[in-house]
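Structure record follows, encoded as structure tokens.
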Amino acid sequence: MSLRALPLIALPFILYNILLVFAGGGNVDDFFRVPLFSVPMIKGATWSFTRGDLVLFVTFMVLFVELIKATYTATSSLVEHGRSMLVFIACLIEFLVVNAAATSVFFFVMLAALIDVVAGFTIGIRVARRALHIGADA
């Protein structure tokens, strides 16, 4: 099995759930608002990087890699798209059923999983059409 067949979009989903374990049963929103570090700005304001920001940062980086992976036309990419769909369905079910997942951070993780599924199939179809078109000219 190729590493490209593994949906990396599952990493933020797993990261969020691991952080939920450390949240302990308290207020999840407050847990994700805890700053990891702060940076003083020129005008005197302070920018804080929170746990929720970390999850979103990982989500955006993984989504970027997933979009690049969508341009490959191997058989494993079809399997990867199917597994990405399963990750999105798991995110959707957790968002609707689990109270601790009803946060904006998790909503954006779920939205990234949806974008990965839709963009993966769309880009995959476009690349396959282009490959067929180029192959027809040869």
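Just so we're aligned: the sequence shown equals residues 57 to 194 in my numbering. Idealized CB from N, CA, C, for every residue including glycine.
### Query
Are Pro205 and Val143 close, meaning C-beta to C-beta below 7 Å?
Residue 205 falls outside the range modelled here, since the chain spans only 57 to 194, and no answer is possible.
### Task
Could you spell out where the alpha helix (DSSP H) holding Leu110 opens and where it closes?
As a first step, residue 110 must be located in the sequence shown, where it is residue number 54. Taken as a continuous stretch (DSSP letters only), the alpha helix (DSSP H) holding Leu110 covers 107-125.
### Simplified DSSP assignment, three categories, for Leu170
Position 114 of the sequence shown, counted from the first residue, corresponds to residue 170. Of the three classes helix, strand and coil, the one that applies to Leu170 here is helix, per DSSP.
### Query
Going along the chain, which residues of its own chain have a beta-carbon closer than 8 Å to the beta-carbon of Leu75, five neighbours each way excluded?
For this step, residue 75 is matched to residue 19 along the sequence shown. Once the five neighbours on either side are set aside, the close Cβ partners of Leu75 are Phe87, Phe88, Arg107, Val111.
### Task
For the alpha helix (DSSP H) containing Val84, list its first residue and its last residue.
Here residue 84 corresponds to residue number 28 of the sequence shown, with the count starting at 1. Bounds of the alpha helix (DSSP H) holding Val84 are 84-88.
### Query
Over what stretch of residues does the beta strand (DSSP E) that includes Val154 continue unbroken?
In the sequence shown, residue 154 corresponds to position 98, counting from 1. It is not in any beta strand (DSSP E) - Val154 carries neither H nor E in the DSSP assignment.
### Task
Give me the Cβ distance between Ile179 and Thr127, rounded to the nearest whole Å; I'm assuming they're in contact under 8 Å.
Against the sequence shown, residue 179 aligns to sequence position 123. Against the sequence shown, residue 127 aligns to sequence position 71. Indeed, because the Cβ distance is near 6 Å, the residues count as touching under 8 Å.
### Task
Give the C-beta separation of Ala158 and Phe151 to the nearest angstrom, bearing in mind that I take them to be a contact with Cβ-Cβ under 8 Å.
Mapped onto the sequence shown, residue 158 falls at position 102. Mapped onto the sequence shown, residue 151 falls at position 95. Confirmed, about 7 Å.
### Message
I'd like to check one pair, Ala169 with Leu123: are the Cβ atoms closer than 7 Å?
### Response
As a first step, residue 123 must be located in the sequence shown, where it is residue number 67. As a first step, residue 169 must be located in the sequence shown, where it is residue number 113. Contact flag unset, no.
### Message
Quick check on DSSP: helix, strand or coil for Leu64?
### Response
Residue 64 sits at position 8 when you count from the first residue of the sequence shown. If DSSP states are grouped into helix, strand and coil, Leu64 belongs with coil.
### Task
Would you kindly check if the distance between the Cβ of Phe105 and the Cβ of Phe116 is under 7 Å?
One-based indexing of the sequence shown puts residue 116 at position 60. One-based indexing of the sequence shown puts residue 105 at position 49. Against a cut-off of 7 Å, the Cβ pair of Phe105 and Phe116 comes out as no contact.
### Message
Spatial neighbours of Arg139 within its chain, please: C-beta separation below 6 Å, excluding the five flanking residues on both sides.
### Response
The residue given as residue 139 occupies position 83 in the sequence shown. Answer for Arg139: Pro63, listed in chain order.
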